[in-house]
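**Student:** Handing you a structure now.
Protein chains in written order, with the working numbering: chain A, -4 to 219; chain D, 17 to 363.
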């Protein structure tokens, strides 16, 4: 059995999770501060990928990152890099589907953070960046862990948009989920079964870990 | 040390209109829930932006809408004590204090001094969830003092505590505030607390605050409906002015004559529950009197409460009459007397 789909999947999901984490923190922290109706609009845009069919997502991604899409064209011209059907395309697809989960988890975590902590930090003269890194982030630990793990699990299971933007090229863009599809369409049920098992084990472990970490966290700090 | 505030802020239907001029010492901000107390503090601290006006400490302008000055809270040097103390849960006591000290070289020494001064050296490695209420308060005050503020504001620090602990923490906080010796604003809706802690009181009602009043004057002679209510007046009736010197309490069906004060704007009449007398020894001319029926009776910790109404009159609301238990369960007569000076005429 060729294990490259496993490595590609883990690498893709890992990188996508890191990107989602950074973008998610950025979006969540700034969107909760907006006071106008724009808040609702930004929120919708960031959440949409979670509820749209994968094919619709794939369509949009091709329009943007395809050879004729504005970003795709830009990359082709300046870096001589074709995004479609590359490994980077798997990451892009994974980020788009995992970001909504990250963003929503972090947003509710930040909103639940006791506002008086931030108020008192401000009146005590602590700078805003310091407040963010030393108070907001450490006290959102549970939310960060949940966001990371949910995003990772979702990125790992990404199929539809990946198929359309990155394709299913063995050794290059073939992930576990697309490998299952290939195996099934080739009538190789044994192989499909193996990949299904691998996927189940990874997802189960990841979610189990999340619960475990959050449980430990709650034990250590009862009150926030 | 002087704090001058003159601000307006509108949100939805609510209008905040605060004008106050404070000197050194502790001033109370007394108001019911939703009267705009916390919003006032937030505007002064820079956590909310007023629509217009000025906030000035000594000669430093913190906020001026005309000159477009609006200092961030970090630059205002106004310490604020929150109800649950808002200690940072991810930091130890020591770290909670260290983070507010800017001078990196002196940080360790300053933290040590502060820990010592507030007798919390033993707690330095504790996390906030390991502290009792009293310890949390001490750490929170130590942290505020460490940030060297010019003004301290306390936002209902005791309202979530039981009365025994409240008394202890109140004594402790007073000690530290005396050491602080600058301007302090103490926000509360509890009249007893305010009376004990402060000399001057500013009453805020429906977002309107116009200045401070001496506490003795406020408690003995409230001028407005909300002042009477906040200082604990239990009987307040709508008033109808009959003539120059006559007034009718609509809720109780009682008439008050020979009023001494100018009563043009009088809208309410108030009588404190403990001011009714069942018998008098001096001149009857100084008193109003009426015959009464007792509707029901209750026992309070140290007093009896009688809910009464004037005899033979239909009333909108009952009158509350309280007598100390020491006076026994014995009623002298079927008449009640009120000294004329104890009838509060309110606008």
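C-beta atoms are modelled at their ideal positions from N, C-alpha and C, and glycine is treated no differently.
All figures in this text were calculated on a predicted structure; none of them were measured in a lab.
Quick check: the Cα distance between residue 267(D) and residue 325(D), rounded to an integer number of angstroms?
**Tutor:** Residue 267(D) and residue 325(D): Cα-Cα distance of roughly 10 Å.
**Student:** Let me know the secondary structure DSSP gives residue 44(A) once reduced to three states.
**Tutor:** DSSP places residue 44(A) in helix when its eight states are reduced to three.
**Student:** Taking 7 Å as the limit between beta carbons, can you name the residues of its chain near residue 11(D), skipping five residues before and five after?
**Tutor:** Nothing in the structure corresponds to residue 11(D), since chain D is present only between 17 and 363.
**Student:** From the DSSP secondary-structure annotation, give me the bridge partner or partners of residue 337(D).
**Tutor:** Residue 337(D) is bridged to 322(D).
**Student:** Assuming residue 150(D) contacts residue 103(D) under a Cβ cut-off of 8 Å, what Cβ separation, rounded to an integer in Å, is found between them?
**Tutor:** The pair is not a contact, with the Cβ atoms about 13 Å apart (cut-off 8 Å).
**Student:** Which one or two residues does DSSP pair with residue 214(D) in a beta bridge?
**Tutor:** Beta-bridge pairing links residue 214(D) to no other residue.
**Student:** Can you tell me whether DSSP reads residue 219(A) as helix, strand or coil?
**Tutor:** Any reading at residue 219(A) must be qualified, since the residue scores a pLDDT of 44, below 50, and its modelled position is unreliable; the value itself is stated next. It is coil, neither helix nor strand.
**Student:** Going by DSSP in three states, residue 98(D) sits in which element: helix, strand or coil?
**Tutor:** In the structure shown, residue 98(D) sits in coil (DSSP, three-state: anything other than H, G, I, E or B).
**Student:** Helix, strand or coil, according to DSSP, for residue 122(D) in the structure here?
**Tutor:** In this structure, residue 122(D) counts as coil in the three-state DSSP scheme.
**Student:** Please report the straight-line C-alpha distance between residue 219(A) and residue 213(A), rounded to a whole angstrom.
**Tutor:** With a pLDDT of 44 at residue 219(A), under the threshold of 50, the modelled position of this residue cannot be trusted; read the value that follows with caution. If you take the alpha carbons of residue 219(A) and residue 213(A), they lie about 10 Å apart.
**Student:** If you measure from the beta carbon of residue 195(A) to each beta carbon in chain D, is any gap under 8 Å?
**Tutor:** Closer than 8 Å: no.
**Student:** Could you tell me which of 113(D), 27(D) and 291(D) sits nearest to residue 159(D), measuring between CA atoms?
**Tutor:** Ranking the options by Cα distance to residue 159(D), first place goes to 113(D).
**Student:** Taking all protein chains shown into account, decide if residue 106(D) is buried (16 or more other Cβ within 10 angstroms of its Cβ) or exposed.
**Tutor:** With 16 or more Cβ atoms within 10 Å of its Cβ, residue 106(D) is classed as buried.
**Student:** Using 8 Å as the threshold, is the C-beta distance between residue 23(D) and residue 69(D) below it?
**Tutor:** For residue 23(D) and residue 69(D), yes; Cβs fall inside 8 Å.
**Student:** Would residue 115(A) pass as an interface residue toward chain D - the criterion being a Cβ-Cβ separation below 8 Å?
**Tutor:** Yes, residue 115(A) counts as interfacial toward chain D.
**Student:** Please tell me whether residue 138(A) and residue 94(A) are closer than 8 Å, where the distance is taken between their beta carbons.
**Tutor:** For residue 138(A) and residue 94(A), no; Cβs fall outside 8 Å.
**Student:** Counting only Cβ-Cβ distances shorter than 9 Å, please list the residues of the segment 0 to 20 of chain A near chain D, keeping chain order.
**Tutor:** For the segment 0 to 20 of chain A, which is checked against every Cβ of chain D, not one residue is closer than 9 Å.
**Student:** Quick check on the DSSP output: the alpha helix (DSSP H) that includes residue 111(A) runs from which residue to which?
**Tutor:** Unbroken alpha helix (DSSP H) run through residue 111(A): 110 to 118.
**Student:** Specify the secondary structure class of residue 182(D) as computed by DSSP and reduced to three states.
**Tutor:** Three-state result, residue 182(D): helix.
**Student:** With 16 as the cutoff for other CB atoms within 10 Å, does residue 341(D) come out buried or exposed?
**Tutor:** Flag for residue 341(D) reads exposed.
**Student:** Assuming contact is defined by CB atoms lying nearer than 8 Å, are residue 89(D) and residue 28(A) in contact in what I supplied?
**Tutor:** No, Cβ-Cβ distance for residue 89(D) and residue 28(A) is not below 8 Å.
**Student:** Considering only DSSP beta bridges, list what residue 35(D) is partnered with.
**Tutor:** DSSP output for residue 35(D) lists 22(D) as bridge partner(s).
**Student:** Taking Cβ positions only, does residue 119(A) come closer than 8 Å to chain D?
**Tutor:** Answer yes: the Cβ-Cβ gap between residue 119(A) and chain D drops below 8 Å somewhere.
**Student:** For residue 230(D) and residue 52(D), I'd like the C-alpha separation in whole angstroms.
**Tutor:** Cα to Cα, the separation comes out at about 21 Å.
**Student:** Kindly say whether residue 122(A), judged by its beta-carbon, lies nearer than 8 Å to any beta-carbon of chain D.
**Tutor:** Yes, its Cβ sits closer than 8 Å to a Cβ of chain D.
**Student:** Short check: CB of residue 196(D) to CB of residue 168(D), under 8 Å?
**Tutor:** Going by C-beta atoms, residue 196(D) is nearer than 8 Å to residue 168(D).
**Student:** Could you tell me if the beta carbon of residue 130(A) falls within a distance shorter than 7 Å of some heavy atom in the ligand MN?
**Tutor:** Only the bare structure without any ligand can be found here, which leaves the ligand MN out of the picture.
**Student:** Could you work out which residue in 38(D), 40(D), 46(D) and 17(D) is closest to residue 222(D) when comparing CA atoms only?
**Tutor:** Of 38(D), 40(D), 46(D) and 17(D), the residue nearest in Cα terms is 46(D).
**Student:** Given a cut-off of 8 Å on the beta-carbon distance, is the pair residue 25(D) and residue 59(D) in contact?
**Tutor:** Cβ distance < 8 Å, so residue 25(D) and residue 59(D) count as in contact.
**Student:** Does chain A have any CB closer than 8 Å to the CB of residue 72(D)?
**Tutor:** Closer than 8 Å: no.
**Student:** Is there at least one Cβ from chain D nearer than 8 Å to residue 208(A)'s Cβ?
**Tutor:** False, the Cβ-Cβ gap to chain D never drops below 8 Å.
**Student:** How would you call residue 249(D), buried or exposed, if buried means at least 16 neighbouring beta carbons within 10 angstroms?
**Tutor:** Per the 10 Å Cβ criterion, buried.
**Student:** 8 Å is my cut-off, CB to CB: does residue 17(D) come that close to chain A?
**Tutor:** Output row for residue 17(D): interface = no.
**Student:** Between residue 144(A) and residue 77(A), what straight-line distance do the alpha-carbon atoms span, to the nearest angstrom?
**Tutor:** Going from the Cα of residue 144(A) to the Cα of residue 77(A) covers about 30 Å.
**Student:** Can you pull the chain B neighbours of residue 134(A), defined as C-beta to C-beta under 7 Å?
**Tutor:** Judged by its chain identifiers, the structure shown contains no chain B, and its protein chains are A and D.
**Student:** Can you tell me whether DSSP reads residue 226(D) as helix, strand or coil?
**Tutor:** The answer is coil: DSSP assigns residue 226(D) none of H, G, I, E or B.
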